[in-house]
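Please read the structure below before turning to the comments.
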């Protein structure tokens, strides 16, 4: 069963150029992952320093494999360090 992952990041206005480079790198890596279907990024209107990525995966297992991959964790730790906050994840079934 397909799952949607809601990935929330706050403080995106800090170091926006560096963050954009890292997010593009993450997206590029994600496109080649088994089970990845689709993703979109939304910026919150009432709090413009917050964004949500909605990522659709074939299964929870596919998502967890990507979430726990060393490749992803490396880029994610750079993002969290740059933002000064941790990224939040929520998994939903379709």
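Numbering (full-length UniProt numbering), first residue to last: 1 to 94.
C-beta: ideal position from N, C-alpha, C; glycine also.
What you are looking at is a predicted structure, and each value in this text was computed from that prediction instead of being measured.
Return the chain-ordered list of same chain residues with a C-beta closer than 8 Å to the C-beta of residue i, the five sequence neighbours on each side being excluded.
i: residue 87; result: 7, 8, 9, 76, 79 and 80
i: residue 19; result: 12, 79, 82 and 83
i: residue 121; result: Nothing about residue 121 can be reported from this structure: the residues present for the chain run from 1 to 94 only.
i: residue 35; result: 57, 58, 59, 61, 62, 63, 65 and 66
Would residue i be called buried (16 or more neighbouring beta carbons within 10 Å of its own) or exposed?
i: residue 53; result: buried
i: residue 1; result: exposed
Can you give me the C-alpha to C-alpha distance between residue i and residue j, rounded to a whole angstrom?
i: residue 93; j: residue 38; result: 15 Å
i: residue 74; j: residue 64; result: 15 Å
i: residue 32; j: residue 46; result: 33 Å
i: residue 23; j: residue 14; result: 14 Å
i: residue 17; j: residue 48; result: 15 Å
With distances taken between CB atoms, is the gap from residue i to residue j smaller than 8 Å?
i: residue 55; j: residue 4; result: yes
i: residue 29; j: residue 72; result: yes
i: residue 51; j: residue 43; result: yes
Q: With a floor of 4 residues, list each alpha helix (DSSP H) that falls wholly inside the region 26–72, ordered by position along the chain.
A: 60–67
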